[in-house]
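K.L.:
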Amino acid sequence: MSRKTKKLLGAVGAHALIYLCLFIVAFPFLWMILASFQTQKDIMNAGKGLLRFTPTLANYHKAFWQHSFGRPILNSFFIGLVSTLMALLLGLPAAYSIGRFKQRKLSMLILLVRMIPGITFLMPWFSIFSNIGLIDTYLAMVLAHMLVALPFIIWIMVPFFEGIPKELEEAAWVDGSSRVGGFVRIMLKLALPGILTASLLAFIYSWNNFMFSLVLSGARTITLPIAIFSFISYASVDWGGLMAASVVITVPILVMSVFLQKYIVGGLTAGAVKG
Amino acid sequence: MTAWIDKHIRVLFILPCVLFILVMIIVPLGYNLYLSFHSWSMSAVVPPRFIGFGNYLTLFGEKRFWDAVVRTVIFVLIALTAQTVLGLALAMLINRPFRGKRLAQTLFLLPVVATPVAVGMVWKLMYEPTIGFANVLVKAVGLKPMKFLATTGLESLLSLVAVDIWEWTPMVMLMVYAGLVALPDTPYESARIDGANSRQLFTRITLPLLSPTLLVAMMLRLIDVIKTFDIIYATTQGGPNFATENINILAYSTTFSYFEFGKAAAITVLFFIVVIAISGIFLAIRKHAEVDF
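For the record, the sequence lines run as chains F and U.
Those letters in the first sequence? Residues 1 to 275, per my numbering, in order.
Those letters in the second sequence? Residues 1001 to 1293, per my numbering, in order.
Here's what the structure looks like:
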């Protein structure tokens, strides 16, 4: 075999491998969507082949009407938004302070928050919150979800603030602006792409959060990842409904990812590349 | 007033955040430590009773605890190794022009951002021995149908490891790819002039230059994979017969199914110490490798 054919074969192989990997990545999502339009009978008949079924909307109808998914959807949005905003309020000034004044020890404390297993503070929260009647309140849910968001915001924003030249801020002080004013008008404005990235990730992780909501929510504050379990009973699983619910949970995140991919990838890979 | 704020901006800006963490994390950690030396079932009538190291000694004598430890270790070792190796390989693989590259990058992002509970549910369906797709595939290649999550053997745990690998390899890939794209060209050019082959380019230049990125990716994965909860709870809740119970699931059920708060506190204290120790080792390596977070 000549060098050229060998190289060509390598390229063909690499492409085949790439598309195979993409298929593996996409397949569970395809399966989820397909099954969400199938009756229980069609799902149970595994040998029928992927696309041979009569599509039905019954599962979605069930999710919204019988299992009243309206409330969990609103709750997930509300808790995600409020906790992200509150975490920004705490996290942005903190990230600025860490970045500008090189407070490495404090940045370690924040990193620690990410490392500690959530279960270690979940149990104390549960007993404290039960005692003061905070279980199944939006306050408790937002506080818990803020703790999910905060480390992401600081992790992403510290290098971002560090990257903004000090001179820009100092120019504002010369023009008579206070430091706080300079921070709000200059730094926050310049850091907007970073803030968008951090907020997106904070929201996604709040939306996806399961363990905190499992313990702290109730009938009033139930979020989507908890509501989905209503399709599973001891005796049987309503697979179609379960998959419809999975689609409902996943779609908002998928849409965000498609349109704001650049920012989300930027946030996920923050810290991967030096400087 | 403004002048005073400006003068103390360094402290004032971070104080609310630190106080929040103190109240929400440090205080609960202390409470946990206190409870771990007590016997308590969250009763309002019977207060916690001091039993010294009793909870810890009970745990150390329990097979269920050690099984959960072993499962956590198996889970972490396999998932972390696979995600690092596959993530690196995938990043190298897509680091070339190909048709649909933008779409591919979007697709690779999906497992990472999709809600883990929903991901767990889909795999629960695919793994279902009689109606799931996994066995259709297994039979198609001429093997005997498998049980996946429906067995008390190691198979169920490994099936969940596979889900974790599917879910998180793309994140390692995205991180490594970001690192690859940022690599300078010069070392490669001079090495090629010196007649280095592609294997030498990889081991002598790419790997050393990428090691900080790989280290960060591995650390982020490690601190998450060690506390895997969502996909296990969604699929098996630790069963059947505890076959998929890791430390996090054990701590959860000890608290919220058995209401043994003291014992659960002891588990979480130990868990906390181990995670912090591992993180400390990583941070030390990072310092040694001069990776900047």
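C-beta: ideal position from N, C-alpha, C; glycine also.
Quick one: is F/D42 buried, meaning 16 or more other Cβ sit within 10 Å of its Cβ, or exposed?
P.N.:
As a working mapping, residue 42 of chain F is identified with position 42 in the first sequence. It is buried - the Cβ of F/D42 has at least 16 other Cβ atoms within 10 Å.
K.L.:
Which of the three DSSP states is assigned to U/I1094 in this structure?
P.N.:
Position 94 of the second sequence, counted from the start, is the residue given in the question as residue 1094 of chain U. U/I1094 falls in the helix class under three-state DSSP.
K.L.:
Going residue by residue through the stretch 26-51 of chain F, where are the continuous alpha helix (DSSP H) segments of at least 4 residues, counting only ones entirely within it?
P.N.:
With a minimum length of 4 residues, the continuous alpha helix (DSSP H) runs that stay inside the stretch 26-51 of chain F are 40-44.
K.L.:
Hey, U/L1210 and U/V1176: beta-carbon distance below 8 Å or not?
P.N.:
One-based indexing of the second sequence puts residue 1210 of chain U at position 210. One-based indexing of the second sequence puts residue 1176 of chain U at position 176. Against a cut-off of 8 Å, the Cβ pair of U/V1176 and U/L1210 comes out as a contact.
K.L.:
Does the beta carbon of F/A94 sit closer than 8 Å to a beta carbon anywhere in chain U?
P.N.:
Along the first sequence, one-based indexing puts residue 94 of chain F at 94. Closer than 8 Å: yes.
K.L.:
Quick one: is F/E169 buried, meaning 16 or more other Cβ sit within 10 Å of its Cβ, or exposed?
P.N.:
Counting from 1 along the first sequence, the entry for residue 169 of chain F is found at position 169. Looking at its Cβ environment, which holds 16 or more other Cβ atoms inside 10 Å, F/E169 is buried.
K.L.:
Tell me the residue span of the alpha helix (DSSP H) that contains U/L1137.
P.N.:
Counted from its first residue, the second sequence places residue 1137 of chain U at position 137. Note, U/L1137: alpha helix (DSSP H), 1133-1140.
K.L.:
Could you check whether the Cβ of F/T120 sits closer than 7 Å to any heavy atom belonging to the ligand PLP?
P.N.:
Among the components modelled here there is no ligand, and therefore nothing to report on the ligand PLP.
K.L.:
Quick one: what's got a C-beta closer than 7 Å to F/G218's C-beta in the same chain, skipping five residues either side?
P.N.:
Indexing the first sequence from 1 puts residue 218 of chain F at position 218. Cβ within range, chain order: I135, D136.
K.L.:
Who are the near neighbours of U/S1159 in its chain, counting only those whose CB is closer than 7 Å to its CB and skipping five residues on each side?
P.N.:
Sequence index remark: in the second sequence, residue 1159 of chain U carries index 159 (1-based). Correct list, in chain order: Y1127, F1148, L1149.
K.L.:
Would you mind working out which of F/L89, F/A144, F/F183 sits nearest F/G118, comparing C-alpha positions?
P.N.:
Working through the first sequence from its first residue, we reach residue 118 of chain F at position 118. When each option's Cα is compared against that of F/G118, the closest is F/A144.
K.L.:
Given a cut-off of 8 Å, decide if U/F1108 and F/V251 are closer than it, judged by their beta-carbon atoms.
P.N.:
Counted from its first residue, the first sequence places residue 251 of chain F at position 251. Counted from its first residue, the second sequence places residue 1108 of chain U at position 108. Going by C-beta atoms, F/V251 is not nearer than 8 Å to U/F1108.
K.L.:
Which whole-angstrom value describes the C-beta separation of F/F288 and U/R1010, a residue pair presumed to lie in contact below a C-beta threshold of 8 Å?
P.N.:
The first residue shown for chain F is 1 and the last is 275, placing residue 288 of chain F beyond what the model contains.
K.L.:
Does the count of Cβ pairs from the stretch 220-229 of chain F and the stretch 1115-1125 of chain U closer than 8 Å reach three?
P.N.:
The stretch 220-229 of chain F vs the stretch 1115-1125 of chain U: in contact.
K.L.:
Closer than 8 Å, CB to CB, is U/F1293 near chain F or not?
P.N.:
Counting from one through the second sequence, the residue named residue 1293 of chain U turns up at place 293. Any reading at U/F1293 must be qualified, since the residue scores a pLDDT of 42, below 50, and its modelled position is unreliable; no value is offered.
K.L.:
Return the CA-CA distance between F/L17 and F/S233, expressed in angstroms with no decimal places.
P.N.:
Counting from 1 along the first sequence, the entry for residue 17 of chain F is found at position 17. Counting from 1 along the first sequence, the entry for residue 233 of chain F is found at position 233. Answer to the nearest angstrom: the Cα atoms are 40 Å apart.
K.L.:
Would you please verify whether the beta carbon of U/G1195 is less than 8 Å from any beta carbon of chain F?
P.N.:
As a working note, residue 1195 of chain U is residue 195 in the second sequence. Not an interface residue.
K.L.:
Of all the CB atoms in chain U, is at least one closer than 8 Å to the CB of F/H145?
P.N.:
Numbered from 1 along the first sequence, position 145 holds the residue referred to as residue 145 of chain F. No, F/H145 lies away from the interface with chain U (no Cβ there is under 8 Å from its Cβ).
K.L.:
Please give the ranges of any alpha helix (DSSP H) in the stretch 55-96 of chain F, keeping only runs that are unbroken, at least 4 residues long and fully inside the region.
P.N.:
Counting only runs of 4 or more, we get 58-61.
K.L.:
So does the stretch 1262-1277 of chain U actually touch the stretch 1031-1045 of chain U, counting three or more Cβ pairs closer than 8 Å?
P.N.:
The stretch 1262-1277 of chain U is in contact with the stretch 1031-1045 of chain U.
K.L.:
Sorted by chain position, which residues of the same chain lie with C-beta nearer than 8 Å to U/A1251's C-beta, five sequence neighbours on each side aside?
P.N.:
Stepping through the second sequence from its first residue, residue 1251 of chain U is reached at position 251. Within the same chain, U/A1251 has close Cβ partners A1264, I1267, T1268, F1271.
K.L.:
Count the other CB atoms within 10 Å of the CB of U/M1001; is the residue buried (16 or more) or exposed (fewer)?
P.N.:
Taking the first residue of the second sequence as position 1, residue 1001 of chain U is located at position 1. U/M1001 comes out exposed.
K.L.:
If you measure beta-carbon to beta-carbon, which residues of the stretch 112-137 of chain F are closer than 9 Å to chain U?
P.N.:
Of all residues in the stretch 112-137 of chain F, L112, V113, R114, M115, I116, P117, G118, I119, T120, F121, L122, M123, P124, W125, F126, S127, I128, S130, N131 have a Cβ within less than 9 Å of some Cβ in chain U.
K.L.:
So, do the stretch 1094-1111 of chain U and the stretch 250-264 of chain F have three or more beta carbon pairs nearer to each other than 8 Å?
P.N.:
At 8 Å Cβ cutoff, the stretches touch.
K.L.:
So which residues on chain U does F/V180 lean against when the C-beta distance must stay under 8 Å?
P.N.:
Mapped onto the first sequence, residue 180 of chain F falls at position 180. Within 8 Å Cβ-Cβ: T1002, I1005, D1006, I1009.
K.L.:
DSSP state of U/I1226, grouped into three classes?
P.N.:
Against the second sequence, residue 1226 of chain U aligns to sequence position 226. Here U/I1226 sits in coil by DSSP.
K.L.:
F/L147: which of U/S1279, U/F1282, U/V1018 sits nearest, CA to CA?
P.N.:
Stepping through the first sequence from its first residue, residue 147 of chain F is reached at position 147. With distances taken between Cα atoms, F/L147 lies closest to U/V1018.
K.L.:
Can you tell me whether U/K1124 is buried or exposed? The criterion is at least 16 other CB atoms within 10 Å of its CB, across all chains shown.
P.N.:
As a working mapping, residue 1124 of chain U is identified with position 124 in the second sequence. Classification for U/K1124: buried.
K.L.:
Please compile the residues from chain F whose C-beta is within a distance smaller than 8 Å of the C-beta of U/I1025.
P.N.:
Taking the first residue of the second sequence as position 1, residue 1025 of chain U is located at position 25. Result: V113, I116, F121, L147.
K.L.:
Beta-carbon separation of U/G1132 and U/A1243 under 8 Å?
P.N.:
Looking up residue 1132 of chain U in the second sequence gives position 132. Looking up residue 1243 of chain U in the second sequence gives position 243. Result no, Cβ atoms of U/G1132 and U/A1243 do not sit closer than 8 Å.
K.L.:
If we define contact as Cβ-Cβ less than 8 Å, is U/V1076 a contact residue for chain F?
P.N.:
Counting from one through the second sequence, the residue named residue 1076 of chain U turns up at place 76. Chain F contact via Cβ: absent.
K.L.:
I'd like the list of long-range same chain contacts for F/G275, defined as Cβ closer than 8 Å, with 5 residues on each side in sequence excluded.
P.N.:
Here residue 275 of chain F refers to the residue found at position 275 of the first sequence. Any reading at F/G275 must be qualified, since the residue scores a pLDDT of 40, below 50, and its modelled position is unreliable; no value is offered.
K.L.:
If contacts are defined as beta-carbon pairs under 8 Å, then F/L201 and F/G267 qualify, I think. What distance do you get, rounded to the angstrom?
P.N.:
Numbered from its first residue, the first sequence carries residue 201 of chain F at position 201. Numbered from its first residue, the first sequence carries residue 267 of chain F at position 267. That pair is a contact at about 4 Å.
K.L.:
Within 8 Å of any Cβ in chain U, is that where the Cβ of F/W65 sits?
P.N.:
Position 65 of the first sequence holds residue 65 of chain F. With 8 Å as the cut-off, F/W65 does not count as an interface residue toward chain U.
K.L.:
Are there 16 or more other CB atoms within 10 angstroms of the CB of U/R1221, so buried, or fewer, so exposed?
P.N.:
By 1-based counting over the second sequence, the position of residue 1221 of chain U is 221. Under this definition U/R1221 is a buried residue.
K.L.:
So with Cβ pairs under 8 Å, would you call F/G271 a contact of chain U?
P.N.:
Residue mapping note: residue 271 of chain F aligns to position 271 of the first sequence, counting from 1. Cβ-Cβ to chain U under 8 Å: yes for F/G271.
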